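Novice: Residue numbering for the sequence shown is -21 to -1, 1 to 477, as defined by mature numbering (1 follows the signal peptide of the UniProt record, and there is no 0).
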Amino acid sequence: MGYSVWLALVLVALFTYLIQELICKKKKKIPPGPRGLPLIGNLHMVGKNILHDLHKIAKKYGPIMSMRLGLVPVIVASSPYAAQQFLKNHDLVFSSRPYSEVSQYIFYDQRNLVSSKYGPYWRNMRKLCTLQLLSNAKIHSFQSMRKQELEILVDFLKQHRGVVVDLTDKISSFSANMSCLMIFGKKYMDEDLGINELVKETMCIAARPKLGDYIPFLGVFDLQGLSRRMKELAKPLDEFLERVIDEHLHKFSDKNQAKDIVDTLMAIMHSNEAEFEFDHRHVKAVLLDLLVASMDTSSTAVEWILSEVLRHPDVMKKLQNEMERVVGRNRMVEEMDLESLEYLDMVIKEGFRLHPVAPLLIPHESIEDCRVDDFHIRKGSRLLINVWAIGRDPNVWPEPEKFKPERFLECNIDLRGRDFQLLPFGSGRRSCPGMQLGLTIVRLLVAQLVHCFDWELPNGMIPKDVDMTEKFGLVLARAQHLMVIPKSYRLKFSQNKC
């Protein structure tokens, strides 16, 4: 089809869209928001620092704000009340996901759990993941793996006492190894460095704005070259996952007891327990989902929390005192100790408040027209929950920019999605199904590193000078790696592994 024909189609589509927008605005009250430009809407108003940009715009237009990114109507919720309206009162309406080129090309045409549209397929996949892959029993079955990997990390740090260590790199490796052990049964990140880079590039490319997602007919031209790169990434990722499945098929044919998540998925596929179409493509989509979702999320959360603890020596001392009182100095922290560590719980909550790993959650999409707070929200609107802004709302959090774990003392605000002041894992139907696993890893790793070592900063750096610059992506990461010195080993026992 010639460019003149495409241009004509673009102009017709744009004219039709603008007419519909004009009629909608005249007939129905929509949330307030900034005026957009033809075709691009408000895309010019958001840049690399999209969290700050949306927060600044919302201060002018309110906690329920409408925008237009390209041709896509977008609603931004920036307060606990607004989040509750969408994620609780109208949870079903906003339970779907928008189309994206990443989900089409890399995640097997939205066959994964995270980006699939709401409907029978998603409900069955959610049930499968919740009951079979991420149940409390399954999480508990990986406890020995977590303990072993923690002992390896602590042993490395013991051997590098007094030396500057890239803690970002070590925590990231720990998280990647844990993910691979749970999902695949072996540390593919150690033996196959290519998959590590492929996953990281997938996460990077998933976070980049794509014209085709906001102005669909421009996606045909692939002006940014992103569609081509997604297709290039999809091939080696698929080949890797096929290799993993082939290895497990051989193991499954020997009727070994299922141990890792691939084993579980293959057993489900062979037994037809899923009660819906479930073949290799679905298995690969779920595996890739779990790998991408688990690799950097927990490690990023731990990095931010440890960064804040290093910046606040009084918090470090209180944590260590609690560890000594509850655990003692004759052993490492065990998972059974976590529920008794109340101050640790406060520190974790405060870390998630200031540094949510998924600061805009994953976008939701409305499946029908509805009314929210007397505003008309039309079908197909994209919903962004600005969790980062909610955590800094001075109407909710006194002195919101300060790291103060004590604010949760005698406070029953929970982070599992019931209280909308604190939503690191989302809420409602599309909340994170891996929340319990993520929380366990974050709490255990922070507790272990604080309990086992005293720390100092390199080059005479003082705590307040720790760089806290953010780097927005699929997760909200530190812009600079966290460099620290494990000063001394605090426990009174020594063993080969620790």
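We put the beta carbon where it would ideally sit given N, CA and C, even for glycine. Just so you know, these numbers come straight off a predicted model, no measurement behind them.
By alpha-carbon positions, which one of D353, L177, R361 ends up nearest to K7?
Specialist: The shortest Cα separation from K7 among D353, L177, R361 belongs to D353.
Novice: Report the rounded CA-to-CA distance for H23 versus A458, giving the unit in angstroms.
Specialist: Their backbone Cα atoms lie some 24 angstroms apart in a straight line.
Novice: Could you check the C-alpha separation between K165 and Y60 for me, to the nearest Å?
Specialist: One C-alpha to the other measures close to 44 angstroms.
Novice: Is S410 helix, strand or coil by DSSP?
Specialist: Residue state, collapsed to three classes: coil.
Novice: Measure how close the beta-carbons of V144 and P465 come, nearest whole angstrom, since I'm counting them as under 8 angstroms.
Specialist: Confirmed, about 6 angstroms.
Novice: Shortest alpha-carbon distance to S278 belongs to which of M315, N156, N365?
Specialist: The shortest Cα separation from S278 among M315, N156, N365 belongs to N156.
Novice: Give a yes or no on whether the C-beta atoms belonging to V454 and T181 are separated by under 9 angstroms.
Specialist: No. Outside cutoff.
Novice: Between V81 and L363, is the Cβ-Cβ spacing less than 9 angstroms?
Specialist: Contact: no.
Novice: Given Y100, which residues of its chain have a CB within under 6 angstroms of its CB, disregarding the five upstream and five downstream residues?
Specialist: Cβ neighbours of Y100 beyond the five flanking positions: none.
Novice: Under a three-way DSSP split, which group does N235 fall into?
Specialist: Here the model assigns N235 a pLDDT of 48, short of 50, so the residue's position is not dependable and the matter cannot be decided.
Novice: Is the Cβ-Cβ distance between L423 and L317 less than 9 angstroms?
Specialist: For L423 and L317, yes; Cβs fall inside 9 angstroms.
Novice: Please give me, in chain order, every unbroken run of the alpha helix (DSSP H) with length at least 4 that falls completely inside the stretch 337 to 367.
Specialist: Here no run is fully enclosed.
Novice: Does the stretch 341 to 348 come within contact of the stretch 386 to 393, defined as at least 3 CB pairs closer than 8 angstroms?
Specialist: These segments do not touch.
Novice: Specify the secondary structure class of F121 as computed by DSSP and reduced to three states.
Specialist: DSSP places F121 in coil when its eight states are reduced to three.
Novice: Considering only their Cβ atoms, is the gap separating P338 from N66 smaller than 9 angstroms?
Specialist: Sequence check: residue 66 is Leu here, not Asn. Not a contact, by the Cβ cut-off of 9 angstroms.
Novice: Near Q236, which residues of its chain fall below 7 angstroms by C-beta distance, leaving aside the five closest residues on each side in sequence?
Specialist: Residue placement at Q236 is poorly supported in this model, since its pLDDT is 49, which falls under 50; the coordinates still yield a value, given next. Contacts found: none.
Novice: Please work out which residues of its chain come closer than 6 angstroms, Cβ to Cβ, to A280, disregarding the five sequence neighbours upstream and downstream, and give them in chain order.
Specialist: Only V336, V421 meet the Cβ criterion.
Novice: Thinking C-alpha only, which one of L205, Q111, L177 is nearest L190?
Specialist: The candidate whose alpha carbon is nearest that of L190 is L205.
Novice: Cα separation between C411 and Y97?
Specialist: Roughly 15 angstroms separates the two Cα atoms.
Novice: So the alpha helix (DSSP H) K149 belongs to, where does it begin and stop?
Specialist: Segment 146 to 163, the alpha helix (DSSP H) holding K149.
Novice: Check for me: the alpha helix (DSSP H) holding I43 runs from which residue to which?
Specialist: Unbroken run through I43 is the beta strand (DSSP E), 43 to 48; no alpha helix (DSSP H).
Novice: Over the uninterrupted beta strand (DSSP E) stretch that includes W434, give me the two end residues.
Specialist: From DSSP, the beta strand (DSSP E) with W434 extends over 432 to 435.
Novice: Would you list the residues sitting across from I464 in a DSSP beta bridge?
Specialist: DSSP output for I464 lists E435 as bridge partner(s).
Novice: Identify every run of the beta strand (DSSP E) within the stretch 37 to 122, keeping only runs that are complete inside it and at least 3 residues long; order them along the chain.
Specialist: Complete beta strand (DSSP E) runs here, min 3: 43 to 48, 51 to 56.
Novice: Are the stretch 239 to 252 and the stretch 301 to 313 touching by the rule of at least three beta carbon pairs closer than 8 angstroms?
Specialist: Short answer: they don't touch.
Novice: Mapping DSSP to helix, strand and coil, what is R187?
Specialist: Three-state result, R187: coil.
Novice: So R397 is in the alpha helix (DSSP H); what residue range does that whole segment cover?
Specialist: No alpha helix (DSSP H) holds R397; DSSP gives it neither H nor E.
Novice: Within 10 angstroms of the Cβ of L461, are there 16 or more other Cβ atoms? Answer buried if so, exposed if not.
Specialist: Its Cβ being crowded by 16 or more others within 10 Å, L461 is buried.
Novice: Reducing DSSP to helix, strand and coil, say where Q459 ends up.
Specialist: Three-state DSSP puts Q459 in coil, outside helix and strand.
Novice: If you drop the 5 nearest sequence neighbours on each side, which residues of the same chain put their C-beta closer than 6 angstroms to that of S467?
Specialist: Cβ neighbours of S467 beyond the five flanking positions: D433.
Novice: Taking CB distances under 9 angstroms as the criterion, tell me whether D446 reaches chain D.
Specialist: Given the protein chain composition of this structure (a single chain), no chain D is represented.
Novice: Under a three-way DSSP split, which group does E176 fall into?
Specialist: Looking at E176 - three-state DSSP - the assignment turns out to be helix.
Novice: With which residues is K450 paired in a DSSP beta bridge?
Specialist: DSSP lists A456 as partners of K450.
Novice: Suppose the cutoff is 8 angstroms on Cβ atoms and the five residues either side in sequence are ignored; what does the same chain contact list for V223 look like?
Specialist: Closer than 8 angstroms at Cβ, skipping near neighbours: F163, Y167, V241, L266.
Novice: Could you tell me whether the Cβ atoms of K149 and L136 are closer together than 9 angstroms?
Specialist: The answer is yes: Cβ separation under 9 angstroms.
Novice: Under the three-state reduction of DSSP, which class applies to L18: helix, strand or coil?
Specialist: The answer is coil: DSSP assigns L18 none of H, G, I, E or B.
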